[in-house]
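To start, the structure itself, in structure tokens.
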Amino acid sequence: MKLSHHKALWLMVLVTLLWSTAGVVSRHLEHAQKFEVTFWRSFFTVCSLLVILPLFQGRQVFGRMRHSGAALWWSGLCWSGMFTFFMVALMLTTVANVLVTMSLTPLLTALATRIFIGHRIPLRTWLAIVVAGAGIAFMYASQLGQGMSLLGTLVALCVPIAGAANWTITQHAHAQGKDIDLIPAVLIGAVLSSLVTLPLAWPFQASAWDLGLLFGLGLGQLAVPCVLAVVCTRVLKAPEVALLGLLEVIFGILLAWVGAGEVPGHDVFVGGSLVIGALVTNELVAWRLRQ
């Protein structure tokens, strides 16, 4: 499947819109709680990818997974952490808190690759890290004494940490000439997330309505957009993908606001503006320098 640059841009916008639906959908669940929500979303992602993956890459893909080396499985472990922490955080705090915190992934990745691989960090990225860090610190400070909301934001912080570890592993493998296939890694992550959260999710309380919504998340919020994102990254440049990926934060907050009445607080507007502004500025400057 080969796309023009224009179509890839719009398809990536659609991908971010699909990714952003997790928050608003989770607000309409009836009985399912933290770990059960995570289990069913991951389980339905596994079911979806077991059908999609052979159609997308052929049946031999499962045989290739067995011989792909340790990096694929380490990446799958990171994906598992991202899936699990993300959904648990959504059940503890606001959608806006989770999405803004999650958007730190590119900056934490820059730090991780500097520490573990020795990649140089440009001055603009150091400045972006400082500004974004100030934004997150402001959000955290405003939540002191709020109990579950602060706990949820701390759990959400584990998502970009796992994401940074994932992309560091991916870049290290690439430097050694062993590229990690994204979709099989996502499948492994979903399987591990399901196994880890199953005993914590028991006994199940989800209604038929909940299961329908969580099936929609597994298929339409995770499995399908991950496959589409792979197609887009073959056409789009890394800065384009990074900038378009930030739309997930904007779409997610707006959907939760309109679809669930979850109005972002003043701390999210201030802290989130600092984080998103730092990320956008860093990517735009990098893009202009490459030009």
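Residue numbers for the sequence shown follow my numbering, so the first one is 12 and each next one is one higher. The C-beta atom is built at its ideal place from N, Cα and C for all residues, glycine as well. Values in this document were obtained by computation on a predicted structure and should not be read as measured data.
Distance between I147 and L165, taken at the CA atoms: about 11 Å. In its chain, beyond the 5 residues on either side, I128 have a beta carbon closer than 7 Å to the beta carbon of H183.
Buried is the label assigned to K45, since at least 16 other Cβ atoms lie within 10 Å of its Cβ. Contact check for L203 and S91: beta-carbon distance about 4 Å, within the 8 Å limit, so the pair qualifies. Contact between A175 and L119 holds: CB atoms are separated by about 4 Å, below the 8 Å threshold. Of the residues assessed, W21 falls on the exposed side of the cut-off, its CB having fewer than 16 other CB atoms within 10 angstroms. By the CB criterion at 9 Å, E294 and L247 fall outside the cutoff. Taken in chain order, the unbroken stretches of alpha helix (DSSP H) that lie wholly in the region 227-282 and span 4 residues or more are 235-244, 249-256, 258-271. Under the three-state reduction of DSSP output, K189 falls in the coil class, being neither helix nor strand. Annotation: S79 is outside any alpha helix (DSSP H) and is labelled neither H nor E by DSSP. Within the same chain, and ignoring the five residues on either side of S86 in sequence, the residues whose Cβ sits closer than 7 Å to its Cβ are N177, I180, T181, I191, A196. An exposed status is given to A152, since fewer than 16 other beta-carbon atoms sit within 10 Å of its beta-carbon. P171 is not a Cβ neighbour of V26, given a cutoff of 9 Å.
In terms of CA proximity to A167, A100 leads the group A100, L193, L230, T56. By the C-beta criterion, the region 105-117 is judged not to be in contact with the region 209-219, since fewer than 3 inter-stretch pairs fall below 8 Å.
The alpha-carbon of A139 is positioned some 19 Å away from that of D278.
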